[in-house]
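Residues -17 to 326 (this note's numbering) are what the sequence shown spells out, left to right.
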Amino acid sequence: MRLINVLAATLIGVTVILVQPQNTAALDGGEINNIAKQITVKIEGKNKGTGVIVKKEGNTYTVLTNHHVVREQGKYILITPNGKTYNFNSSNIRQLPNLDLAVVQFTSNDNYTVATLGDSNELKQSTEIYNFGWAVNDTICFKGCDRFYNGIINGIAPNPDEGYALIISNNTLPGMSGGPILNSQGTLVGINGLSVKNVLSGAVEFKGIPINKYKPYQNLVIVSQPTPTFKPQPPKSQPRTSPTATPQPTSNKNNSPTDFYLANTFKGHSSYVYSVAISADGRTLASGSYDKNIKIWNLATGKLIRTLSGHSHAVLSVAISPDGRTLASGGGDKTIKIWRVSGR
């Protein structure tokens, strides 16, 4: 592709002013392939897939992948471009609401390349793109090999499920889910993830998620929460009681927390519930949702008391003060809001 310099010259007396816009030259396929290999990791475990290094803070790296790659409970291995391995499990994963995307972090003193995020809003039909990923074992490559394809945007879906707005001509093989979709400048504009077969024609369409869907969650805090393991305590010796003792609803002889039973279900949010908090007196529950609302409930009856609106994006966290008179909420709009009980 030729780079055309547009020169605008204005003559003022003897002064000539030159205005030269800076155009970004398209890279060739080999250069883009090299970028893809540097920013991509391989994921092995319950499922096999690919991920993209999208952020670095200190020696902590953030990897973006498809949630369906890591949604199964269990242990996973992340393999970086230099062949080093890092272990993680389900508790280290943070799913992004309403999207088939998840992020995981690893710590390393090695210097890995971080993807440059592009603007997926600039994509349109016929835009040239490239995708990359680690395909699973096949008859050609018995240990799984990287695959690199070029193609175009075939279409953009206006109301996609789980964020899959990009319809692409590029092949996406099993194992390439979570890999990068790059534009002709080598910037990250999407994430691989889905193939759909038309049951009538047999034709297969490949789909990806625009990178702008991820951007509101770039500063999401990922807290590792080890998967709890419940160890029942041996039953304590109890004094003999009358045989007329009232039976309990569950036979929880050893106080094991695994003997929970469903007491109530609250319905009212129109999207994912991302956070809940219970007041210290056990009477009130607050819930935060991707629908941008906070709902206050009577914990005993399940009755909705009030809906709080004010965030312009998903409510990711809620907390109630010990006295029950103050509520704090954190949202994807990068704000923390403080709510107080009105005086009577």
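Backbone N, C-alpha and C fix where the C-beta goes; we use that ideal spot for every residue, glycine too.
Close CB contacts of Lys197 within its chain, under the 8 Å cut and outside five residues either way in sequence, are with Leu99 (chain order).
Per DSSP, reduced to three states, the secondary structure at Tyr243 is coil, with no helix or strand assignment. With fewer than 16 other Cβ atoms inside 10 Å of its own Cβ, Phe242 counts as exposed. Separation of Gln167 and Ile173 (C-alpha to C-alpha, rounded to the nearest whole angstrom) is 16 Å.
If you draw a straight line from the Cα of Gly312 to the Cα of Ile193, it comes to about 23 Å. Within the same chain, and ignoring the five residues on either side of Leu281 in sequence, the residues whose Cβ sits closer than 7 Å to its Cβ are Ile260, Gly264, Arg265, Thr266 and Leu267. By the Cβ neighbour-count rule, Ala185 is exposed, with fewer than 16 other Cβ atoms within 10 Å of its own. Counting every other CB atom within 10 Å of its CB across the protein chains shown gives Leu182 a total below 16, marking it as exposed. Annotation: the continuous alpha helix (DSSP H) that includes Gln20 extends over Gly11 to Ile21. Our two residues, Val52 and Lys37, have alpha carbons roughly 19 Å apart in a direct line.
Between the alpha carbons of Ser108 and Glu26 lies a gap of roughly 34 Å.
In its chain, beyond the 5 residues on either side, Ala147 have a beta carbon closer than 6 Å to the beta carbon of Ile138. For Leu81 against Glu144, the beta-carbon gap comes to about 6 Å, under 8 Å, which counts as contact.
Counting only residues of its own chain and dropping the five nearest sequence neighbours on each side, Phe248 has a CB closer than 6 Å to the CB of Trp279 and Gly284. By DSSP's assignment, Glu39 forms a beta bridge with Thr42.
The Cβ atoms of Val96 and Gly157 do not sit closer than 8 Å to each other. Rounded to the nearest whole angstrom, the CA to CA distance from Asn29 to Glu54 is 8 Å.
Of the candidates Ala262, Tyr272 and Ala245, Tyr272 places its Cα closest to the Cα of Ser253.
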